[in-house]
Each structure stands twice: as C-alpha cells, then as structure tokens.
Amino acid sequence: MDGVVVVDAANVVGSVPDGWWRDRRGAAERLRDRLAALAGAGLPGRPGVPGWATEPPVDIVMVVEGAARGVEPVAGVRVESAPGSGDDHIVAVVAAREEARPCLVVTADQGLRARVTALGAETTGPRSVRPDGSS
C-alpha cells in the first residue's frame, strides 16, 4: 500500500524568509507547484525521508490555512483548506487515513510532530521538500 505525504504549507513556506508574507497565497501556490514535481519524481532521499516516499508516484496532501485558503489543487497534489487551525486539520487528515497506510508529515512544528507521531505517522522537516534543501 502506498503512503501519503501531508505537508504543513504554512510551516514550509514560513521556513525561508523570502518575502512570502507579502503574498501568502502566491507562496502557497509556488509550494504546491514544487510539490507537484515531487509527486511525479518522489521526494529527495534525505535524512528523515522514508524510502517509500522517494518512489514515484507520491500521494501528496498540502494543508493550507488563513490567507492561503482556496489554493486550487493540481495533478499530484490534493490541497485541503483548513477551516480553522491548520495543525488540527493535519491531525485529522493523518487520523483519517487507512490504519496501515504509511504517512509522512512535513513540518518543523514540534507540537504538531508529537500529535501526528502519536497517530503512527513519521515526520520530517521542511528542507525535505525545498528544491535547494534549505530549511
């Protein structure tokens, strides 16, 4: 059974001070487009990325919140707009997956990491999906 990669868009976008705060929706769309390329190629084989996530195709769910709500999905990336807290929605996505399905959550948020690992998910930091490997 293939796994699912759940991306905390706000956390990944916010991990690099590149002006994202001036256009949160645009920054989320750029992340979505980078993720679409990874969906077809697999995540880079970096520390913290399980082997199954490096093998294409990769099922990717990007969770957006706040000003980024309403970002449209693209081939390879399902986009879910959190009605409230993005962290709560990510936990709900992880909890709703089939029990035996592997799951990797991409975030640097320690509190969120604890919540999803309690549900059996693995975690990795934002650099696992950043094209240049930056945090």
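Each residue of the sequence shown is one higher than the one before, counting from 53 in my numbering. From the three backbone atoms N, C-alpha and C, an ideal C-beta is built for every residue, glycine too. Keep in mind that this is a model prediction, so the values were computed, not measured.
### Message
Tell me the rounded alpha-carbon separation between Arg76 and Pro135.
### Response
Residue numbering aside, residue 76 sits at position 24 when the sequence shown is read from its first letter. Residue numbering aside, residue 135 sits at position 83 when the sequence shown is read from its first letter. Their backbone Cα atoms lie some 17 Å apart in a straight line.
### Task
Can you give me the Cβ contacts of Arg84 inside the same chain, cut-off strictly under 7 Å, excluding the 5 residues immediately before and after it?
Residue mapping note: residue 84 aligns to position 32 of the sequence shown, counting from 1. Here the set comprises Met114, Val123, Val126, Val129, Val131.
### Task
Kindly indicate the opening and closing residues of the alpha helix (DSSP H) around Glu150.
In the sequence shown, the residue the question calls residue 150 occupies position 98. Per DSSP, Glu150 is not a residue of any alpha helix (DSSP H), being assigned neither H nor E.
### Query
Below 8 Å between beta carbons: does that hold for Arg179 and Arg86?
Along the sequence shown, one-based indexing puts residue 179 at 127. Along the sequence shown, one-based indexing puts residue 86 at 34. Taking 8 Å as the Cβ cut-off, Arg179 and Arg86 do not qualify as a contacting pair.
### Message
Helix, strand or coil, according to DSSP, for Glu81 in the structure here?
### Response
Along the sequence shown, read from residue 1 onward, the residue named residue 81 stands at position 29. Here Glu81 sits in helix by DSSP.
### Message
To the nearest angstrom, how far is the alpha carbon of Thr159 from that of Gly177?
### Response
As a working note, residue 159 is residue 107 in the sequence shown. As a working note, residue 177 is residue 125 in the sequence shown. If I take the Cα positions, the gap works out to 5 Å.
### Query
Helix, strand or coil: which one does DSSP assign to Leu168?
To locate residue 168, count along the sequence shown from 1; it is residue 116. Rather than Leu, the amino acid found at residue 168 in this sequence is Val. In this structure, Val168 counts as helix in the three-state DSSP scheme.
### Query
Helix, strand or coil: which one does DSSP assign to Val115?
The sequence position of residue 115 within the sequence shown is 63, counting from 1. Correct three-state label for Val115: strand.
### Task
Would you check if the distance between the CB atom of Val101 and the CB atom of Ile142 is smaller than 8 Å?
For the purposes of this step, residue 101 is taken as the residue at position 49 of the sequence shown. For the purposes of this step, residue 142 is taken as the residue at position 90 of the sequence shown. Their beta carbons are not under 8 Å apart, which means Val101 does not touch Ile142 by this criterion.
### Own chain partners of Pro154 with C-beta closer than 6 Å, once the 5 adjacent residues on each side are dropped
Locating residue 154 in the sequence shown gives position 102, counting from the first residue. Excluding positions up to five away in sequence, the list reads Gly55, Trp104.
### Query
Going along the chain, which residues of its own chain have a beta-carbon closer than 7 Å to the beta-carbon of Ser186, five neighbours each way excluded?
Here the question's residue 186 lines up with position 134 in the sequence shown. Confidence in Ser186 is poor, its pLDDT being 45 and thus under 50, which makes the residue's placement unreliable; the coordinate value appears in the next sentence. If we look at Ser186 and ignore the five residues flanking it on each side, its Cβ neighbours are Val68, Arg179.
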